[in-house]
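If you count the sequence shown from 1, you need to add 2 to reach our numbering.
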Amino acid sequence: MILILGGNSQLANYLSIKIKKSIKVSRRECDITKSNDVKKIFNKYKPKYVFNCAAYHNTILCERFLKKSFMINSFALKNLSKYANIYNSKLIHFSTDYVFDGKKNTPYVETDYPRPLNIYGQSKLLGENFIEQYAKKYLIYRLSSIYSHYPCRHKKGLNFIEKILELSKKSNELNINDLEISPTYVGDIVDQVQKTFKIIENQIVHCTSLGSTTWYKFAISILKANNVSIKVNKVKSFDKDLITRPKYSVLRNSYLLRNKLNVMPRWENSYTNYIKDQYLRKTNL
3 MILILGGNSQ LANYLSIKIK KSIKVSRREC DITKSNDVKK IFNKYKPKYV
53 FNCAAYHNTI LCERFLKKSF MINSFALKNL SKYANIYNSK LIHFSTDYVF
103 DGKKNTPYVE TDYPRPLNIY GQSKLLGENF IEQYAKKYLI YRLSSIYSHY
153 PCRHKKGLNF IEKILELSKK SNELNINDLE ISPTYVGDIV DQVQKTFKII
203 ENQIVHCTSL GSTTWYKFAI SILKANNVSI KVNKVKSFDK DLITRPKYSV
253 LRNSYLLRNK LNVMPRWENS YTNYIKDQYL RKTNL
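Next comes the structure, spelled out in structure tokens:
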């Protein structure tokens, strides 16, 4: 039995479609911050693998609601580790590039020392630490700048690509930040996870598209691919929300590449995969 927690997230939706014999559980069914909920769900399903896709990842709200941030992103992982050990389950967790400070000029590898700049990154790093300390069997995937056909709930029902195209209909110019990232399609992440979640154990693994760009350049690529011609202005991220973010948060899939397990494409091909899947959805093929 494979249990997927955080059932309303982008990642959980894709995992539940692609991974056979999996059960997707929403926060309503299991609030991971409540020990009783976790105990009941483990007792009910007795899972061999547990995917934790639950997270509090709105970086602005994380700064305002510190307790909630650390309860969901950190202390809940200590509790999940406890029950994973009791039921001999392997805990598979998803972390973030925001555990790094962005001061490097080359992609971060798994052995680089984390120095998060904001509450979101700090809470996610503490969650990683709890898993490493308490879980007997675990696997942590660090992700970066993900997008999918399912919306992020805190982004008003649109993913980044749809948001850019929607805004382009309402304005003659856009302001997009210049953070260096590796835009990664969730469908590609799930393909990589399927290949590796059973065979890698007790590791932190970077799992992003290869290569890098900026949100500014990515937005231009999206508009160009959709034959939209408007002005795009490059702005600093702090111009908008005053949250300190890593200016450079590119990850290198060092473990996957070294062990010849990497199936993640370049970010340009990742976007092509997104478009291809979008076409198949629309045509019902």
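The beta-carbon is built from N, C-alpha and C at its ideal position, and this holds for glycine as well.
**Prompt:** In whole angstroms, what is the alpha-carbon distance linking T113 and F220?
**Reply:** 28 Å
**Message:** Could you compute how far the alpha carbon of V188 sits from the alpha carbon of A227?
**Reply:** 20 Å
**Message:** Comparing C-alpha positions only, which one of K138, L13, D180 sits nearest to H59?
**Reply:** L13
**Asked** In terms of residues, what are the limits of the alpha helix (DSSP H) holding Y47?
**Response** 37-47
**Request:** Kindly identify the DSSP beta-bridge partner or partners of K233.
**Result:** E175
**Asked** In the segment 61-94, which residue ranges form an unbroken alpha helix (DSSP H) of at least 4 residues, counting only runs that do not cross its ends?
**Response** 61-66, 68-72, 78-88
**Distance, K41 Cα to Y276 Cα** = 37 Å
**Prompt:** Going by Cα to Cα distance, which pick from S256, K50, K105, P109 is closest to I206?
**Reply:** S256
**Asked** Starting from S256 and walking both ways along the alpha helix (DSSP H), at which residues does that stretch end?
**Response** 256-260
**Prompt:** Across which residues does DSSP place N120 in a beta bridge pair?
**Reply:** BP columns for N120 are empty, so no partner.
**Bridge-paired residues (DSSP) for T98** = L145
**Request:** Count the other CB atoms, across all protein chains shown, that sit within 10 Å of the CB of E168; report buried if there are 16 or more and exposed otherwise.
**Result:** exposed
**Message:** I'd like the span of the beta strand (DSSP E) that includes V52, first residue to last.
**Reply:** 51-54
**Message:** Given a cut-off of 8 Å on the beta-carbon distance, is the pair G8 and A78 in contact?
**Reply:** no
**Request:** Provide the residue span of the beta strand (DSSP E) that contains V207, from first to last.
**Result:** 205-208
**Asked** In terms of alpha-carbon separation, which member of T98, N264, H151 lies closest to T61?
**Response** T98
**Request:** State yes or no: is the C-beta of L259 within less than 8 Å of the C-beta of I191?
**Result:** no
**Item:** K26, DSSP secondary structure in three states
**Value:** strand
**Range covered by the beta strand (DSSP E) that runs through I6** = 4-7
**Message:** Would V52 and L5 qualify as a contact pair, given that the criterion is a beta-carbon distance under 8 Å?
**Reply:** yes
**Request:** Count the other CB atoms, across all protein chains shown, that sit within 10 Å of the CB of S173; report buried if there are 16 or more and exposed otherwise.
**Result:** exposed
**Asked** When you compare only the Cα positions, how much space is there between S18 and K26?
**Response** 6 Å
**Message:** Contact defined as beta carbons within less than 8 Å: I believe C64 pairs with Y122. What is the distance between those atoms, to the nearest angstrom?
**Reply:** 4 Å
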